[in-house]
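Structure, as structure tokens:
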Amino acid sequence: MSMWAMIAVVSVTYTLANVFKIYMKNKEGSVLPPDPELRARLDRLERRMEAFEPRLDNLETLASDREVDLARRIAERE
64 MSMWAMIAVV SVTYTLANVF KIYMKNKEGS VLPPDPELRA RLDRLERRME
114 AFEPRLDNLE TLASDREVDL ARRIAERE
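Counted the way this note's numbering counts, the sequence shown spans residues 64 to 141.
Given below as structure tokens:
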């Protein structure tokens with residue numbers, strides 16, 4: 064991975080972590096006034112996270128199916 068790609072990944076991760084931290088503070092009843100721009104960014108982030116949940120479930124199912132298949136193949140060889 065190139066240096067610039069690593070910098071971009073770290074930057075995006077840092078930004079998402081900060082947005083999530085602010086979101087959690089606001090969710091816990093912080094005295095900060097709600098920022099419309101931040102609210103919109105958080106809503107988009109929540110929608111993206113919700114969109115990935117079914118994909119993660121499918122990956123978990125696929126992984127467990129492959130594990131069962133692999134265990135069956137190993138048992139057949141023995």
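In this text, a Cβ means the ideal position worked out from N, Cα and C, and glycines have one as well.
Does Glu141 come out as helix, strand or coil in the three-state DSSP assignment?
coil
Taking 8 Å as the threshold (C-beta atoms), are Ile85 and Leu108 in contact?
no
Would Leu105 and Val82 qualify as a contact pair, given that the criterion is a beta-carbon distance under 8 Å?
yes
With DSSP run on the structure shown, which of helix, strand or coil describes Asp120?
helix
So, with DSSP's three-state summary, where would you put Asp98?
coil
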